[in-house]
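Visitor: Sharing a structure below in structure tokens format, with a few things to ask.
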Amino acid sequence: MIRRGVSLVFLVWVIGFLWFVVTLPGEADAVTTDAVIVPTGGAGRIARGLEVLDQGLAAKMLVSGVDSEVRPGEFAAEFGVAPEQMECCITLGFAAVDTRSNAAETAKWVAQNEVTSIRLVTTDWHMRRAAGEVERTLPGHVTVIRDAVPSQPDFGTLFLEYHKLIASRAAGLAEL
2 MIRRGVSLVF LVWVIGFLWF VVTLPGEADA VTTDAVIVPT GGAGRIARGL EVLDQGLAAK
62 MLVSGVDSEV RPGEFAAEFG VAPEQMECCI TLGFAAVDTR SNAAETAKWV AQNEVTSIRL
122 VTTDWHMRRA AGEVERTLPG HVTVIRDAVP SQPDFGTLFL EYHKLIASRA AGLAEL
């Protein structure tokens, strides 16, 4: 009996992992939102967020989880952002250190800026967990559009992220 239970759990885990790997989220359609949210940590995320701003798909951007030593001028120079755009449209968030605190920082910024729709930009392998955390912290009236940056993750990254996703969902269920 125990052997069958363990086998069933393992089978569910394998099927879940295969689903996770084969169905990585993709880029969003050209939908306009009030803001774009970009958690730091993956290649192409900030560039995609800036592209969203430049295309007029969002009016402002929060970059969440910026290292405390980064100054706005350094950020602007590294990513080729005009001073006017930094001033009007880009907020660097320094409070977050992980995905859960990215969500908390996002929720606070969304409330302060009276935002009702966001485009979440993060790496494809990170999207499910990041969106889950963000959606749990935001009020129900805020729409979240998922815009995943394509990547070529290795097995280790996928393996670790799948387990982080399971833990995140379990923590979310425990909060209910």
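Going by my numbering, the first residue of the sequence shown is number 2, and it counts up by one from there. Cβ coordinates follow ideal geometry from the N, Cα and C atoms, glycine included. This structure is a prediction, so every number in the text was calculated from the model and none was measured.
Round the Cβ separation of ASN103 and SER65 to the nearest angstrom and send it over; I've been treating them as touching at under 8 Å.
Guide: Confirmed, Cβ separation roughly 4 Å.
Visitor: Measuring only the C-alpha atoms, how far is VAL39 from GLU28?
Guide: Between VAL39 and GLU28, the C-alpha separation is close to 14 Å.
Visitor: Measure from the alpha carbon of PHE165 to the alpha carbon of each residue in PRO26, TRP126 and CYS89, then state which is nearest.
Guide: Residue 165 is actually Lys in this sequence, not Phe. With distances taken between Cα atoms, LYS165 lies closest to TRP126.
Visitor: With respect to the alpha helix (DSSP H) encompassing SER65, which residues constitute its N-terminal and C-terminal limits?
Guide: SER65 -> not in any alpha helix (DSSP H); beta strand (DSSP E) instead, spanning 61-65.
Visitor: With distances taken between CB atoms, is the gap from PHE76 to LEU54 smaller than 9 Å?
Guide: The answer is no: Cβ separation not under 9 Å.
Visitor: Taking PHE21 as the reference, give the member of GLU134, PHE160, ARG147 and VAL98 with the closest Cα.
Guide: Per the Cα distances, PHE160.
Visitor: Can you tell me which of LEU51, THR24 and ARG137 puts its alpha carbon nearest to the alpha carbon of ALA108?
Guide: That would be ARG137, whose Cα lies nearest to the Cα of ALA108.
Visitor: Grouping DSSP H, G and I as helix and E and B as strand, with all else coil, what is LEU121?
Guide: LEU121 falls in the strand class under three-state DSSP.
Visitor: Are GLY173 and GLY133 touching if we call contact CB-CB under 9 Å?
Guide: The answer is yes: Cβ separation under 9 Å.
Visitor: Would you list the residues sitting across from ASP148 in a DSSP beta bridge?
Guide: DSSP, once it has assigned bridges, lists VAL122 as partnering ASP148.
Visitor: Have a look at the DSSP bridge pairing and note the partners of GLY27.
Guide: Partner(s): none; GLY27 has no beta bridge.
Visitor: Note down, in chain order, each residue of its chain lying with its Cβ closer than 7 Å to the Cβ of MET128, except the 5 sequence neighbours on either side.
Guide: PRO26, ARG147 and ALA149, listed in sequence order.
Visitor: Which partner residues does THR100 have in the DSSP bridge list?
Guide: Bridge partners of THR100: none, in fact.
Visitor: With the cut-off set at 9 Å, would you say ARG46 and THR124 are in Cβ contact?
Guide: In contact: ARG46 and THR124 (Cβ atoms closer than 9 Å).
Visitor: Can you tell me the Cα-Cα spacing of ASP155 and GLU106, whole angstroms?
Guide: When rounded, the distance between both Cα atoms is 29 Å.
Visitor: Is it buried or exposed, THR24, if we count other Cβ atoms within 10 angstroms and call 16 or more buried?
Guide: It counts as exposed.
Visitor: On the CB-based measure, 16 or more other CB atoms within 10 Å of its CB, does ALA83 come out buried or exposed?
Guide: Its Cβ having fewer than 16 others within 10 Å, ALA83 is exposed.
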